[in-house]
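Colleague: Taking our numbering, I'd label the letters of the sequence shown as residues 33 to 213. Every residue gets a Cβ at the ideal spot worked out from N, C-alpha and C, and that includes glycine. The structure displayed is predicted, hence computed values, not measured ones.
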Amino acid sequence: MITRFGASQLLLPRSLNAMLLAGLIAASTFTSGQSAPTPATAKATAPAKATAPAGAPNHYSPNRTPSREEAYYSILYGVDSFNVKAVESGELIRFTYRVLDGSKAKTLNDKKNEAYLVSPGKHVKLVVPSLEKVGQLRQSSTPIEGNTYWMAFSNPGRPVKPGDRVNIEIGQFHVQGLLVQ
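And the structure:
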């Protein structure tokens, strides 16, 4: 004959009841993801104090061209504001520049001058692709002062990635150490 006992009818020694109660409390705190703070963890979980005062924002630009170099390119070639960016999931690398003097910047827009993007760290030299119906992926119109112009370099296999330093060569025009964004 089997007799069923309810929890209140089960007689257990007091020490066993205390251990069961401690186990239930431990299990409930374990499943909730919280634990009782100890002096060691109370210091570790205290909110960290701000180390830097809230002041003016940092205007650091890792791709900024030195002022003497900007003056050189603006006087000799009539361009400034160089930018290199990976586009189309890294399949193309776009080089942009702003024209300051249209007559001096003609050499950059001349399709007769071969354009190359050289990555010394990766040992690759990228070219501007020429598509059948579109032609070269670069602007070749007469440069107008104040306008920004671009050219795209094919990056098959994506050897050039954001964060790499590259050089641009267009005929006699050379700029070095541009950061790919």
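Starting from the N-terminal side, write out each stretch of the alpha helix (DSSP H) that is 4 residues or longer and does not extend beyond the stretch 125-184.
Modeller: Counting whole runs of 4 or more residues, the stretch 125-184 contains the alpha helix (DSSP H) stretches 138-141.
Colleague: Which residues in the same chain as N179 place their Cβ atom closer than 7 Å to its Cβ, once the five residues preceding and following it in sequence are excluded?
Modeller: Excluding sequence neighbours, N179 sits near V131.
Colleague: Can the beta-carbon of V192 be found closer than 8 Å to that of L169?
Modeller: Taking 8 Å as the Cβ cut-off, V192 and L169 do not qualify as a contacting pair.
Colleague: Helix, strand or coil: which one does DSSP assign to R100?
Modeller: Looking at R100 - three-state DSSP - the assignment turns out to be helix.
Colleague: Based on the DSSP secondary-structure assignment, which residues constitute the bridge partners of R197?
Modeller: Answer by DSSP bridge pairing, in chain order: L211.
Colleague: Excluding the 5 residues flanking F114 on each side, which residues of the same chain have their C-beta closer than 7 Å to its C-beta?
Modeller: T97, Y129, V207 and L210, listed in sequence order.
Colleague: Go ahead and label I125 buried or exposed: buried means 16 or more other beta carbons lie within 10 angstroms of its beta carbon, across all protein chains shown.
Modeller: Buried, by the Cβ-count rule.
Colleague: Between which two residues does the beta strand (DSSP E) containing S113 stretch?
Modeller: Where S113 is concerned, the enclosing beta strand (DSSP E) stretches over V111 to V119.
Colleague: Answer with buried or exposed for L140, where buried requires no fewer than 16 other C-beta atoms within 10 angstroms of its C-beta.
Modeller: With 16 or more Cβ atoms within 10 Å of its Cβ, L140 is classed as buried.
Colleague: Only counting the same chain, and skipping five residues up and downstream in sequence, which positions put a Cβ closer than 7 Å to that of S186?
Modeller: Closer than 7 Å at Cβ, skipping near neighbours: L124, L158, V159 and P161.
Colleague: On the DSSP bridge assignment, give the partners of S106 in chain order.
Modeller: According to DSSP, S106 bridges with nothing at all.
Colleague: Please state whether the Cβ-Cβ distance between Y105 and V111 is less than 8 Å.
Modeller: Result yes, Cβ atoms of Y105 and V111 sit closer than 8 Å.
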